[in-house]
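Participant: So the protein lines, in turn, are chains A and B. Per our numbering: the first sequence = residues 1 to 442. Per our numbering: the second sequence = residues 1 to 442. Quick reminder that beta carbons are idealized off the backbone N, C-alpha and C, glycines included. Quick one: this structure, given as structure tokens, is what I'll be asking you about.
There are 2 protein chains.
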Amino acid sequence: MESFPDTEERLTLEELRETWPVLSAEERAEGFALLDRNDALDFFLTLSPAEKKQILLAIPEHEGRLWMCLLPPDDAADVIQAAPHQFREKLFNFLDEKTRKEVHALLSYHQDVAGGLMNPRFARLRPDLTVDEAIRYLRLQAQDQLENIYYIYVLDEMQHLLGVVSFRELFKAPPEKQVREIMESDIITVTEHQDQEEISHLFSRHKFLAFPVVDAERRLKGIITADDILKAVQKEATEDIQKLGGMEAINFPYMQISFFQMLKKRAVWLAALFIGETLTASAMVHYEQEIARAVVLALFVPLIISSGGNSGSQAATLTIRAMALGEIRLRDWWRVIYRELGMGLGLGLILATIGFVRIILWENFFHLYGPHYFLIASTVALTLVGIVLWGTIAGSMLPFVLRRLGFDPASASAPFVATLVDVSGIMIYFTVAAILLRGTLL
Amino acid sequence: MESFPDTEERLTLEELRETWPVLSAEERAEGFALLDRNDALDFFLTLSPAEKKQILLAIPEHEGRLWMCLLPPDDAADVIQAAPHQFREKLFNFLDEKTRKEVHALLSYHQDVAGGLMNPRFARLRPDLTVDEAIRYLRLQAQDQLENIYYIYVLDEMQHLLGVVSFRELFKAPPEKQVREIMESDIITVTEHQDQEEISHLFSRHKFLAFPVVDAERRLKGIITADDILKAVQKEATEDIQKLGGMEAINFPYMQISFFQMLKKRAVWLAALFIGETLTASAMVHYEQEIARAVVLALFVPLIISSGGNSGSQAATLTIRAMALGEIRLRDWWRVIYRELGMGLGLGLILATIGFVRIILWENFFHLYGPHYFLIASTVALTLVGIVLWGTIAGSMLPFVLRRLGFDPASASAPFVATLVDVSGIMIYFTVAAILLRGTLL
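Here it is in structure tokens:
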């Protein structure tokens, strides 16, 4: 504990924040205890669920109870979900009776659907109140811990959602009007099991601060706000980016995941790609005789397969992101293939030209490639058109295939596509060579 | 116009949404005109700035004026920014006098800083009002078009920000108290020029719906809400993902960018990577004699360079995302290198083991690699340890170097790192081979 030698001393918020990322759970709890009460409150509320859990389990139980009760039900549920199974019961029992029920309901949902992200507390009104009565009634409700009273939901006695009224409208309305008359009844709702990605599209399309979450009978279960979705969107983007980088989603901040967990998440994909890539060795064996006869062919193998991989990676990345943003749907695959055919051909011709010119120039200056340099340049150029076209088509279609089969399209990572294209790249190259160089080099 | 043959007929919202992505600007405007008035309003507000601009420029001018006036100033500014230069003046003149001033102020900011994202309209109070007076005063303000009156900002007569009070607090407070007594004066503010990425960190750390944007003298300039940031975060993630996929950020939905714009954005990087990759051919020429003597060495070149590329891509992706999320800062580079050293060694040993076993097994079954297969397997395994270690270090450090030099770390794409590692991979491989195989194969 060399960082905090004197427990009598208070720690400032800045001091703790500075060292925080590199502290162990025990050191964090100890540092946390050294904050003054107000700082501690500010600090605690800004921690991630996993960090809150660390603190709550490391401090004395009666204190853990106090801190836990400060959290709204959706945050409390996140904390419990961040804890290992054996500690969930303990954290759960920190809650008061009412919150425990709400959290229990939230925990029954999957973490990334509306039900798992929503806040079960919201402001409600009956349709037959007058505006003046409604404002007085809301004042009472505000005593209770309502995270969000910006939209007020109008419910019948069975909790069915009839309409919504914003504070702004309530304020603007003549005091004697009925809530029914000023409410908006044409509402965009979200169902309990709707995925966060769909909900994020709703938020980016509509300027609402919250959407109501309803069950199959249109009973209001909770509300979901833009900040809940902001976190979910960041998490989703991080997962997609990590998958695109060729590994499993890490789900922890870089500095906090243990070495061996990280190693495992990276090794699994890397090993799978490696095993896939050993097929290139098998393909090359097939052309061993050609290489022995014309070693010059081997020189361009890395250049050719990487061009296929790069163009495939571009196409896959574009398609995956456009899918995630809802810009293209599964049934649009033919529009994509139509466009990528032209794109692959265009890109292939550009690279082929550069490659051709490069070989001719180098031959003129350095005389590296022997008497048949023109044929070699043609072989490389023709192969490049083929491999870039194929990489582009394969890269753009793989996400569709994966999604169709029920996998995450983001698994069509740059390394995955590259591996897929590498083997075919070798085959295309040596086939083109066999045709163009027959009778000369081969 | 075969999609809408009869102009007398009304179009439903669903019909238009269905065909929307593939329509030209003129067809869109025509389809839009066929919606009934209420649907048109709903539809218009959910369009992206670029789509709004298309419609506004294609419909008759007096209608354009009407639609433009429906937009809050920040959205109007986005629409103007989405238009080509020659049309901006025209759109600008659609606005009323007051909004024109506000939009003018917004347009002076860069698009992805607080000033360019904020809404300049907000609810304000003087500190010496009583709670009851404040509520009555806000009712008046609500008549005006205020997008957000969930937080109310307390300002002095010079517009300096003194504090904030939420509706909830205002409602809970005793009616005779002064606003000054119930306001929160310890506020997290955002400065005009603060980057969207930093602001998104604030939103994910704090459960606020909006942050006040202040200038250097702490005068309140506007407010920024979670949905503004949600859009910015999605855009930023898309740009990062596209850069990581090895191309320029596209900045348009996949289906809407023109073929040649898209080709250009992809060809530039692809050509740059290709030219970088031609260095592999130069490196290979260097080892032409070794390949001629031991063709078997050429078989494993794709396997080895792709392993370096894949491990580099993993490390770069992880580092770039952790930087974007603020989990690691520039000065943490030594923590990252320390960790990635161990990671690279671990991953390298895993792949080396698989590679070694694969070669030994295949030799036993298929007798492909000749009498020195054990030495070849050792060469490949040792090279793999080196190349994976090197790929991991290079991939994790490149984003730091790019950021230090003032570039976007996300440019350290999987293809970029792979290209960087490929050349060194070839050199490592043939150097190891020269040492291990001297006197036998070489």
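Go through its chain and collect everything with a Cβ distance to Glu-277(A)'s Cβ below 6 Å, but skip five positions before and after it.
Facilitator: Excluding its 5 nearest sequence neighbours in each direction, Glu-277(A) has C-beta neighbours in its own chain below 6 Å: Thr-419, listed in chain order.
Participant: Please name the residue, chosen from Ala-50(A), Pro-120(A), Leu-299(A), Gln-289(A), that lies closest to Ala-83(A) on a Cα-to-Cα basis.
Facilitator: Ala-50(A)
Participant: Using DSSP with H/G/I as helix, E/B as strand and the rest coil, what is Tyr-429(A)?
Facilitator: helix
Participant: Can you tell me whether Gly-355(B) is helix, strand or coil according to DSSP?
Facilitator: helix
Participant: Looking at Ala-79(B): is its Cβ nearer than 8 Å to the Cβ of Gln-196(B)?
Facilitator: For the record, residue 79(B) in the displayed sequence is Val; it is not Ala. By the CB criterion at 8 Å, Val-79(B) and Gln-196(B) fall outside the cutoff.
Participant: Any C-beta of chain B sitting closer than 8 Å to the C-beta of Glu-288(A)?
Facilitator: It does; some Cβ of chain B falls within 8 Å.
Participant: Could you pull the start and end residues of the beta strand (DSSP E) that Val-214(A) belongs to?
Facilitator: Note, Val-214(A): beta strand (DSSP E), 210-214.
Participant: Taking the Cβ atom as the reference point for each residue, do Ala-414(A) and Ser-307(A) lie within a distance shorter than 8 Å?
Facilitator: Cβ distance not < 8 Å, so Ala-414(A) and Ser-307(A) don't count as in contact.
Participant: Take Gly-116(B) as the anchor and find which of Tyr-429(B), Val-164(B), Glu-239(B), Gln-194(B) has the nearest alpha-carbon.
Facilitator: Gln-194(B)
Participant: Pull out every residue of the segment 78-106 of chain A whose Cβ sits closer than 8 Å to any Cβ of chain B, in chain order.
Facilitator: For the segment 78-106 of chain A, which is checked against every Cβ of chain B, not one residue is closer than 8 Å.
Participant: Can you name the residues of chain A whose CB is closer than 9 Å to the CB of Leu-270(B)?
Facilitator: Ser-307, Asn-310, Ser-311, Gln-314, Leu-347, Ile-350, Leu-351, Val-388
Participant: I'd like to know whether the C-beta of Ser-204(A) is nearer than 8 Å to at least one C-beta of chain B.
Facilitator: yes
Participant: Enumerate in chain order the residues of its own chain whose CB-to-CB distance from Ser-424(A) is below 7 Å, with the five nearest sequence positions on each side excluded.
Facilitator: Trp-390
Participant: Pick helix, strand or coil for Ser-166(B), following the three-state DSSP scheme.
Facilitator: Here Ser-166(B) sits in strand by DSSP.
Participant: Mapping DSSP to helix, strand and coil, what is Ala-249(B)?
Facilitator: Residue state, collapsed to three classes: coil.
Participant: Which residues bound the beta strand (DSSP E) around Tyr-151(A)?
Facilitator: 151-155
Participant: From Lys-235(A) to Ala-433(A), what does the alpha carbon distance come to, in whole angstroms?
Facilitator: 47 Å
Participant: Can you tell me where the beta strand (DSSP E) with Lys-221(A) in it begins and where it stops?
Facilitator: 220-225
Participant: Quick check on Asp-156(A) - is its C-beta less than 8 Å from some C-beta in chain B?
Facilitator: no
Participant: If we count the other Cβ atoms within 10 Å of its Cβ and call it buried at 16 or more, is Trp-334(A) buried or exposed?
Facilitator: exposed
Participant: Give me, in chain order, the residues of the same chain whose beta-carbon lies closer than 7 Å to that of Leu-35(B); leave out the 5 immediate sequence neighbours on both sides.
Facilitator: Result list for Leu-35(B): Leu-11, Leu-13, Leu-16, Phe-43, in chain order.
Participant: Which value, in whole angstroms, describes the spacing of the CA atoms of Thr-7(A) and Ala-33(A)?
Facilitator: Per-residue confidence for Thr-7(A) stands at a pLDDT of 48, beneath the threshold of 50, marking its modelled position as unreliable; the derived number appears in the next sentence. Roughly 9 Å between the two C-alpha positions.
Participant: Out of curiosity, what's the CA-to-CA distance linking Cys-69(A) and His-62(A)?
Facilitator: Approximately 11 Å between the Cα atoms of the pair.
Participant: Under three-state DSSP, which class holds Asp-6(A)?
Facilitator: Low confidence applies here, because Asp-6(A) scores a pLDDT of 49, under 50, leaving its location unreliable; read the following figure in that light. Note: Asp-6(A) maps to coil in three-state DSSP.
Participant: Tell me, please, which residues DSSP counts as bridged to His-160(A).
Facilitator: Arg-219(A)
Participant: Could you check whether Ala-315(A) and Thr-392(A) sit closer than 8 Å to each other, using their CB atoms as the reference points?
Facilitator: yes
Participant: Which one of Thr-431(A), Pro-127(A), Arg-136(A), Ala-25(A) has the shortest CA to CA distance from Tyr-287(A)?
Facilitator: Thr-431(A)
Participant: First and last residue of the beta strand (DSSP E) that includes Ala-123(B)?
Facilitator: 123-125
Participant: Distance cutoff 8 Å, beta carbons only. Does Ala-294(A) sit that close to anything in chain B?
Facilitator: So, not an interface residue.
Participant: Quick one: using the 10 Å Cβ neighbour count with 16 as the cut-off for buried, is Asn-93(B) buried or exposed?
Facilitator: exposed
Participant: Between which two residues does the alpha helix (DSSP H) containing Gln-196(A) stretch?
Facilitator: Per DSSP, the continuous alpha helix (DSSP H) segment holding Gln-196(A) begins and ends at 196-205.
Participant: Taking just the CA atoms, how far does Ile-387(B) sit from Ile-428(B)?
Facilitator: 7 Å
Participant: What residues match up with Thr-191(B) in a beta bridge as DSSP calls it?
Facilitator: Looking at the DSSP output, Thr-191(B) shares a beta bridge with Val-214(B).
Participant: Give the DSSP bridge partners of Gln-178(A), in chain order.
Facilitator: Thr-130(A)
Participant: Just grab the DSSP bridge partners of Glu-184(A) for me.
Facilitator: When beta bridges are read from the DSSP output, Glu-184(A) appears opposite Val-164(A).
Participant: Compute the minimum distance between the beta carbon of Val-336(B) and the heavy atoms of the ligand PLP, and state whether it is under 7 Å.
Facilitator: Ligands are entirely absent from the displayed structure, and the ligand PLP is therefore not among its contents.
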